[in-house]
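Taking it in order: structure first as C-alpha cells, then the write-up.
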C-alpha cells in the first residue's frame, strides 16, 4: 500500500466533499458507482486513474481504502476541532480565505497529527507540502508549511 497515493486520493475526495457539500459516504459510493464496479476494491482500484490535466495518469492499485475512508470520516466528524486548530495558526487571516485545496491539505495533515499516531509528524508535513506544490503551487506549499510548522510548535 502506498500512503502517498492514498493521501492524494483522500485530498481529492475531501476537496470534492467540500465543493459539493457531500458526506464522506456519498463520495466513496460515488467513486465506486462511477467506475461501475461491484464493491470489489482490488478491481476498483486497478481501474481507477486520476487525471492531472494532460499529465500522466497515476495508477492507484495500491491505495489503502481503509485509510482513505477513516480519514474522510474522521475529518467530517472532527471538522470543527480541526478548523479551530488551523485557525489558531493563522495570522490576520480567517479560515474562509484559505483556498479549498490548501484547506483540504491542512485538514488531512491536522487530522493525522491528532489521530494517526502511526504517522510521524514530519512525514505528514512533507506530504502536505508535496500535495500543495502539485495542486496549488510554491506559494501555497510555503503557506501550508508555515501553518503546520506553527501548529507543531504550539503543541510542544
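Residue numbers (my numbering): 277 to 432.
Virtual Cβ for every residue (Gly too), placed ideally from N, Cα, C.
For residue 290, same chain residues with a beta-carbon under 7 Å away, outside a window of 5 residues either side, are 348, 351, 380, 383, 384 in chain order. DSSP, reduced to helix, strand and coil, places residue 365 outside both helices and strands of the structure shown, so it counts as coil. One thing to note: residue 361 has its Cβ within 8 Å of the Cβ of residue 427. Annotated as distal: residue 355 and residue 430, with beta-carbon spacing of 8 Å or more. In terms of CA proximity to residue 301, 353 leads the group 353, 367, 280, 281.
Less than 8 Å divides the Cβ of residue 420 from the Cβ of residue 378.
Ranking 286, 346, 287, 288 by CA distance to the CA of residue 392 puts 346 first. Here the C-alpha atom of residue 424 lies approximately 8 Å from the C-alpha atom of residue 386.
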